[in-house]
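Protein chains: 2
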Amino acid sequence: MTRHSHDSAAPADALTVEVVELIGTVVARYHEEYEHAAAQHSLTGAQARVLALLSREPLPMRRIAQQLKCEPSNVTGIVDRLEARGLVERRPDPDDRRVKLAAVTEEGRTTSARLRESLHFAREPLAALSAADRGVLRDLLKRMLGAS
Amino acid sequence: MTRHSHDSAAPADALTVEVVELIGTVVARYHEEYEHAAAQHSLTGAQARVLALLSREPLPMRRIAQQLKCEPSNVTGIVDRLEARGLVERRPDPDDRRVKLAAVTEEGRTTSARLRESLHFAREPLAALSAADRGVLRDLLKRMLGAS
DNA sequence: TATTGTTATACTCTATAACTATA
DNA sequence: TATAGTTATAGAGTATAACAATA
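Chains as they are written, first to last, in the working numbering: chain A, 1 to 148; chain B, 1001 to 1148.
The structure is reproduced here in structure tokens:
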């Protein structure tokens, strides 16, 4: 370490820069795969994300917006398009008549499952690593993410 | 390993699933930071990416589209907006009069540099790892990415 | 003829603000 | 009054197709 700085523009050593660039490549690859998998089912990335979310459990529109980190008004359109294709439906919330619960239909569930299967990112890149290596990678990522 | 399958839906073990989810978290975090840094300079993500690209060297419009993996027609609008703000300019290519080279202006270069500095992703998360750990992470990511 | 960049068009995602129906 | 969802609006990114200038 050449210096321990508390300012926000600490000098990045070559190793850190290299790791950041590698992470950038991972991010780009991940997105390409996700968009491609979604497109194979004629879905946009945002639609695929919402479908994946709802395949776990029905959610109020508001909660979807929080998960997507976007404004609630955007969710209306995304769910509209999923609903128009029969992949999602809106149900009333028995406890609060203001709330609408978005839930996957049977077709939505199977589409979501197929989409998950077509996400090769899970298998091909990681297949190059042994189980021990994947364990090391997991621990490093966890420490990295836990730090922020 | 319960089975060695050659089909594309090989069963994912718990460890692999965990690593994929961690990578998904990294991807989400990375994007949030990038968009936030871009927004601090009143730029969209796409504009910031093009500005970063051009800060290395001037490029024909066609090449920008290839780097962004989008249609050339989209680049026209993105460069238009950067040019309207004085961050980028179009120059003729002396060797081929069909080609327009997009290049950063001086202001564009300083904006790009500030943007790079405000990308905390380089520092904070990775600061939790020792140099040795970062080296291990680099090697694992390189093997992972080289595999695809 | 083929290529480069642009224009025109349409769709989706996005944020903001105003509206409704509930609470 | 406050909250959930929607609508209206505007800006940006995206793909497709057609076009002008140049090779």
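We treat Cβ as the ideally placed atom computed from N, Cα and C, and that holds for glycine.
Just so you know, these numbers come straight off a predicted model, no measurement behind them.
Minimum C-alpha distance to residue 1092 of chain B - residue among B:1107, B:1060 and B:1068: B:1060
Residues of the stretch 1057 to 1089 of chain B whose Cβ lies closer than 8 Å to any Cβ of chain A, in chain order: 1069
Interfacial residues, the stretch 1109 to 1135 of chain B to chain A, with Cβ spacing under 9 Å: 1117, 1118, 1119, 1120, 1121, 1122, 1123, 1124, 1125, 1126, 1127, 1128, 1129, 1131, 1133, 1134 and 1135
Short Cβ contact (8 Å threshold) for residue 145 of chain A with residue 34 of chain A: no
Proximal residues of chain B, C-beta to C-beta of residue 138 of chain A below 9 Å: 1015, 1018, 1019 and 1022
DSSP-derived helix/strand/coil call for residue 1058 of chain B: coil
Sub-8 Å separation of residue 1048 of chain B and residue 1137 of chain B beta-carbons: no
Residue 1103 of chain B in three-state terms, based on DSSP: strand
Cutoff 8 Å: residue 1025 of chain B Cβ touching any chain A Cβ: yes
Contact check, residue 26 of chain A vs residue 1141 of chain B, beta carbons under 8 Å: yes
Collapsed DSSP secondary structure at residue 1006 of chain B in the structure displayed: Per-residue confidence for residue 1006 of chain B stands at a pLDDT of 40, beneath the threshold of 50, marking its modelled position as unreliable; the derived number appears in the next sentence. Of the three classes helix, strand and coil, the one that applies to residue 1006 of chain B here is coil, per DSSP.
Where residue 1007 of chain B falls, given that 16 or more other Cβ within 10 Å makes a residue buried: Note that residue 1007 of chain B scores a pLDDT of 41, beneath 50, so its modelled location is shaky; the value from the coordinates is reported in the next line. Residue 1007 of chain B should be labelled exposed.
Test: residue 141 of chain A CB closer than 8 Å to a CB of chain B: yes
Interface partners of residue 1054 of chain B on chain A, CB under 8 Å: Under the 8 Å cutoff, chain A gives no residues; its nearest Cβ is about 17 Å from residue 1054 of chain B.
Residue 1094 of chain B, DSSP secondary structure in three states: coil
Contact with chain A by residue 1051 of chain B, beta-carbon distance below 8 Å: no
Collapsed DSSP secondary structure at residue 1001 of chain B in the structure displayed: With a pLDDT of only 41 at residue 1001 of chain B, under the threshold of 50, the placement of this residue in the model should not be trusted, and no figure is reported.
Residue 89 of chain A (DSSP reduced to helix, strand or coil): strand
Close-in-space but distant-in-sequence residues of the same chain around residue 128 of chain A (CB under 6 Å, 5 per side omitted): none
Residue closest to residue 1089 of chain B, alpha-carbon to alpha-carbon, out of B:1105, B:1124 and B:1031: B:1105
Closest residue to residue 39 of chain A among A:80, A:112, A:62 and A:98 (Cα-Cα distance): A:112
Contact with chain A by residue 1156 of chain B, beta-carbon distance below 8 Å: The question about residue 1156 of chain B has no answer, for chain B in this structure spans 1001 to 1148.
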